[in-house]
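Have a look at the structure below before the remarks.
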Amino acid sequence: MKNRNLILASFLLIITIISLVLGLLYQWNFEMRFYIGLILLGLTFFAYLKMKGIANYVFGFVLLLGLFDLIHFVPFSIGINFSIFKIHLIPFIFLLIFYLLNRQNINEKIRNFNEPSASEELSHKNSQIEFFKIKFQNLSETEIDQKLKEDLVPEAMEALKILKNNLTAKNTK
21 MKNRNLILAS FLLIITIISL VLGLLYQWNF EMRFYIGLIL LGLTFFAYLK
71 MKGIANYVFG FVLLLGLFDL IHFVPFSIGI NFSIFKIHLI PFIFLLIFYL
121 LNRQNINEKI RNFNEPSASE ELSHKNSQIE FFKIKFQNLS ETEIDQKLKE
171 DLVPEAMEAL KILKNNLTAK NTK
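In terms of the numbering used here, the sequence shown opens at residue 21 and continues consecutively.
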């Protein structure tokens, strides 16, 4: 099901709108955090309609804001109080469902968070090759051949091959 996060956000928006309608009927006083939560849910829907690539990030961020009592989705508060902060139950449930629906993508992002990018890996490999080229630059062609027979890291082997090609090119001229 492709729109499962949109359905989850819709369900939360319906709960928020029902709370708003009941609040207007019974003349409840809403906090500013409730209105901010309603606006952010609207932005989430805008993101799902116009910017699908970032919509899940927006929805997850909005749920995290609700979880830590920075915004509200309902005018009442159900949660767990810790000395410094409060965790709300409704955003927690929605965040848990959101995680279960997207656990494969979320876990992959967490695993790959500290992995270097392809350009960083290439840059590191090139710097290693340059290091070994400097280290082996004074070797003769026979010493390079002996080193090539040893069990060395791939970057050292690459540097030795480059140096050997340079030496053979100089000798053929």
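No residue lacks a Cβ here, since even glycine has one placed at the ideal position from N, Cα and C. What you are looking at is a predicted structure, and each value in this text was computed from that prediction instead of being measured.
Residues of its chain near residue i, where Cβ-Cβ distance is below 8 Å and the 5 sequence neighbours each way are ignored
| i | result |
| --- | --- |
| leucine 42 | Trp48 |
| isoleucine 232 | Because the chain spans 21 through 193 in this model, residue 232 falls outside it and cannot be assessed. |
| histidine 144 | Pro136 |
| lysine 181 | Leu168 |
| isoleucine 74 | Ala67 |
Residue interval of the alpha helix (DSSP H) (run including residue i)
| i | result |
| --- | --- |
| asparagine 25 | 24-45 |
| glutamate 140 | 138-156 |
| asparagine 132 | Run containing asparagine 132: none; DSSP gives neither H nor E here. |
| leucine 187 | 174-192 |
Residue i (DSSP reduced to helix, strand or coil)
| i | result |
| --- | --- |
| isoleucine 107 | strand |
| asparagine 127 | helix |
| isoleucine 91 | coil |
| asparagine 49 | coil |
| leucine 168 | helix |
| phenylalanine 96 | coil |
| leucine 159 | coil |
Bounding residues of the beta strand (DSSP E) (the contiguous stretch that carries residue i)
| i | result |
| --- | --- |
| asparagine 101 | 99-101 |
Chain-order list of residues whose beta-carbon lies under 7 Å from that of residue i (same chain, five-residue window excluded)
| i | result |
| --- | --- |
| asparagine 76 | Asn25 and Asn122 |
| asparagine 56 | Before going further, note that residue 56 is isoleucine rather than asparagine in the sequence given. Cβ neighbours of isoleucine 56 beyond the five flanking positions: Ile91. |
| phenylalanine 50 | Gly43 and Pro95 |
Other residues of its chain near residue i: CB distance less than 6 Å, five sequence neighbours each side excluded
| i | result |
| --- | --- |
| phenylalanine 112 | Leu87 |
| serine 39 | Val94 and Pro95 |
| arginine 53 | Ile91 and His92 |
| leucine 187 | Glu161 |
| valine 82 | Leu60 and Thr64 |
Residue i CB to nearest heavy atom of the ligand MN below 7 Å
| i | result |
| --- | --- |
| lysine 184 | This structure lacks the ligand MN; in fact it carries no ligand of any kind. |
### Task
Tell me, please, whether the region 142-157 touches the region 115-130 by the rule of three or more beta-carbon pairs shorter than 8 Å.
no
### Query
Does the pairing of the region 132-139 with the region 154-168 give three or more beta-carbon distances under 8 Å?
no
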